[in-house]
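What follows is one structure encoded as structure tokens, with my remarks underneath.
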Amino acid sequence: MKDAQDPAHGFDPDTVRSKYLRERDKRLVEGRAAIRDLRTDRHFARYRRDPFTEYQDREALSDTVDVVIVGGGMAGVLAGAQLRKAGLRRIRIIDEAGGIGGTWYWNRYPGVMCDIESYTYLPMLEELDYVPKSRYAFGDEILAHFEAIAARYDLVEDALFHTRVDRSEWDEGSSRWIIRTDHGDTITARYLVMAVGILNLMKLPAIPGMELFRGRSFHTARWDYEYTGGDLHGGLNKLADKVVGVIGTGASAIQCIPHLAEASKRLFVFQRTPSAVGVRDNRPTDERFAEDLRPGWQRERMENFQAIMNGMPVESDLVDDGWTHHWGPALNHPRDPTWSDEEYGKRSEEFDFEVMEAHRRRVEETVEDAATADTLKPYYRYICKRPCFHDEYLPSFNAANVELIDCPAGIERVTENGLVVEGREFLLDCIVYATGFEAEFTPFYRRAGHEIVGRKSVRLADRWRDGPRTLFGMMSHGFPNMFIMPAPGQQAVVTTNHTLVTVEGAEHIGATVAGLEEKGIAAFEVSEEAEADWCEKILGAYVDSSPIMSLCTPSRLNFEGNPSSRPPLTGSYGGGFGDFFGFKRLLAEWRETGEFPGLRLEERPSRTR
Ligand code: NDP
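Everything in the sequence shown is counted per the working numbering, starting at -16 for the first residue and increasing by one.
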């Protein structure tokens, strides 16, 4: 793929914009975002069952710990590690999964990997003295790494897996959280950390007739290897006589489609919107990579990446890939101080166009059949949709057994035997729903999936009905001793590499708890004033991006075509995706005071637990 910085290719804004709008309008159809709610749907709730670890009966538990962490994915493991460093002894992670890993526990579909560079995505590489095997890591290596961190900080033995938290409630009398689970457990904890994840709720579209299908069907986040054979590195040998349909062409789909194409008798790929699929260029880690690294290298690399995402000048681009070449400058185009706003907008749009042209050329150069290539070309601004990176996806469409089915308005219906698009029925043995997850902007209380009840029996879901109310996006008035790991739409900041803000959040929580313990504090609570000030900061910096995002083809980045529906309280510190570096500075300064400004502190009667 030629780079986007090539000379301009006759960019005519009016022609391009009207083409983009036509493509948008094909997809702006009523009901496109309708879903089957897997938490309550009687027919499809079974899709959530864990196919990877056997469920086991156990006795209900009743005990007291220092901290309960809801969620054992990246956020929970990193918070646990920092709380262990802060001196907490009894740390209990609770997760519905059968083990550590969160998204990497559940997503084991063939080809699963992370398209963010492994040396920045896998946290704590220095502490664990680990060097990833390749530039982009496969899911099994990432999962093993989180398991290794959990083992290092002794977080596994006390964890409760295959356990769903049903209710977390603050008990005023004991200044403790009481956590109840679906196993009948009652756990009492001094601190509560919500590390429930983003993109943690599998999304199944509501397509008429779905329950009629008599073949096999599953979601990519619960891959059915019993049916397909093989493992996450491929070899799906049981599909040799099967006709498979995959719904979706997002980041998960593009990773599993090459394996489905290789193994299935016939594969139909149902595409609603084409992804922009850039170069991945994976390669084994150079043997000398680790030799040149000095202490602190990983944080420096993560921050270098984030600086480019924020449009800040850097001495060198350490990651040097499609994210830094295209996504960063498309989101935050470097600005010459002499440019007017209009000039800046024009330059950004031109750059975006060049990036998309490069992606469209890549399709044309790779896919042999001209009609298929045309259908695979993405026509929208690069910033409209999460970009994808892969080198084997597009060539899959050159295989004789693979057919791309264009369905911009979605699948018409599901029948006993397959899928119908524009009146044509496709007979299938298996349907793979590569249909993603509820957006990361899904309110925290929904992602948490249980009732959280604070002081005076106030439900967090009620208090946050019009948007989050926090200090730093991590604590909330009325919910003492509770931390929430930073997430998009939650008044913290968003980092393209989610690991960075997670590391920052975990370190902040660890240091705060260490300080509170040192002072012998029984309970802290955010004052109403501090919370109101923070909300004011968020609202003051809020930038309404709907004028640009409403021109986009619908996606979860523009609230499925309705960007103005976003509540301003869901903004970030600094506006837009947020000012990570300002946020980091502010948290560090807050900690350095040693006074916990904005928190009301209640001391323990005696300094014993
Ligand atoms: P996505 O939401 O990105 O993709 C879902 C796909 O299903 C889209 O192509 C969507 O079309 C399609 N779809 C949804 N409903 C229908 C319908 N009714 N009819 C037809 N098609 C439909 O989900 P993914 O699981 O691919 O990815 C989710 C996120 O997970 C990513 O954006 C990323 O943040 C993360 N991820 C990260 C990876 C990494 O390498 N770092 C790898 C995989 C996932 P449309 O586009 O029109 O909505």
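Virtual Cβ for every residue (Gly too), placed ideally from N, Cα, C.
Quiz item: Between residue 578 and residue 506, which are expected to be in contact by the criterion C-beta below 8 Å, what is the C-beta distance as a whole number of angstroms?
Solution: In fact, because the Cβ distance is near 17 Å, the residues do not count as touching under 8 Å.
Exercise. For the alpha helix (DSSP H) holding residue 339, just list the boundary residues, first then last.
Key: 324 to 349
Quiz item: Just to confirm, are residue 254 and residue 387 a CB contact at a threshold of 8 Å?
Solution: yes
Practice problem: Using the Cα positions of residue 1 and residue 407, report the straight-line distance between them to the nearest angstrom. | Solution: 30 Å
Quiz item: Is the closest heavy atom of the ligand NDP to the C-beta of residue 182 under 7 Å?
Solution: yes
Self-check item: residue 291 vs residue 300 beta-carbon contact at 8 Å
Solution: yes
Exercise. Express the C-alpha separation of residue 571 and residue 498 in angstroms, rounding to a whole number.
Key: 13 Å
Quiz item: When the Cα of residue 151 is compared with those of 440, 510 and 523, which residue comes out closest?
Solution: 440
Quiz prompt | Three or more C-beta pairs below 8 Å linking the stretch 55 to 62 and the stretch 27 to 34 | solution = no
Self-check item: Buried or exposed by the 16-neighbour rule on C-beta atoms within 10 Å, applied to residue 220
Solution: exposed
Practice problem: Within its chain, find whatever has a CB closer than 6 Å to the CB of residue 583; leave out the 5 residues flanking it on each side and keep chain order. | Solution: 508 and 510
Quiz prompt | Residue from 98, 535, 135 and 130 with nearest C-alpha to residue 121 | solution = 98
Quiz prompt | residue -13, DSSP secondary structure in three states | solution = Bear in mind that a pLDDT of 49 at residue -13, under 50, signals an unreliable position, so the number given afterwards is only what the model happens to contain. In this structure, residue -13 counts as coil in the three-state DSSP scheme.
Quiz item: Mind checking residue 523: buried by the 16 CB within 10 Å criterion, or exposed?
Solution: exposed
Quiz item: So is the beta-carbon of residue 506 under 7 Å away from any non-hydrogen atom of the ligand NDP?
Solution: no
Self-check item: Residues of its chain near residue -11, where Cβ-Cβ distance is below 8 Å and the 5 sequence neighbours each way are ignored
Solution: In this prediction, residue -11 has a pLDDT of 45, which is less than 50 and means its spatial position is unreliable; nothing more can be read from the coordinates.
Exercise. Give a yes or no on whether the C-beta atoms belonging to residue 107 and residue 132 are separated by under 8 Å.
Key: yes
Self-check item: Contacting residues, own chain, Cβ-Cβ under 6 Å from residue 197 (five flanking each side not counted)
Solution: 399
Quiz item: Is any heavy atom in the ligand NDP found nearer than 7 Å to the beta carbon of residue 234?
Solution: yes
Self-check item: Nearest candidate by alpha-carbon position, reference residue 549, set 526, 566 and 37
Solution: 526
Quiz item: Secondary structure at residue 160, three-state DSSP: helix, strand or coil?
Solution: strand
Practice problem: Would you mind working out which of 395, 442, 260 and 311 sits nearest residue 362, comparing C-alpha positions? | Solution: 260
Quiz item: Just to confirm, does residue 98 get its C-beta within under 7 Å of one of the non-hydrogen atoms of the ligand NDP?
Solution: yes
Quiz item: Hey, would you say residue 19 sits closer than 8 Å to residue 189, going by beta carbons?
Solution: yes
Self-check item: For residue 214, the residue or residues it bridges with in DSSP
Solution: 217
Quiz item: For residue 11, which of 279, 545 and 561 has the nearest alpha-carbon?
Solution: 545
Quiz item: If you draw a straight line from the alpha carbon of residue 79 to that of residue 368, how long is it in whole angstroms?
Solution: 30 Å
Practice problem: Would you check whether the ligand FAD has a heavy atom nearer than 7 Å to the C-beta of residue 200? | Solution: Here the bound small molecules are the ligand NDP; the ligand FAD is not part of this structure.
Self-check item: residue 538 Cβ short of 7 Å to the ligand NDP heavy atom set
Solution: yes
Quiz item: By Cβ distance below 8 Å, which residues in the same chain neighbour residue 580 in space, the five residues on each side in sequence not counted?
Solution: 513 and 573
Quiz item: Between residue 588 and residue 154, what straight-line distance do the alpha-carbon atoms span, to the nearest angstrom?
Solution: 17 Å
Exercise. May I ask which residues mark the beginning and end of the alpha helix (DSSP H) holding residue 61?
Key: 57 to 68
Quiz item: Looking only at DSSP bridge pairs, what is residue 169 linked to?
Solution: 45 and 163
Exercise. On a CA-only basis, which of 394, 308, 562 and 114 is nearest residue 270? Give me that one, please.
Key: 114
Quiz prompt | Alpha-carbon to alpha-carbon, residue 432 and residue 21 | solution = 11 Å
Quiz item: The beta strand (DSSP E) spanning residue 195 covers which residue range?
Solution: That residue, residue 195, is in no beta strand (DSSP E); it is neither H nor E in DSSP.
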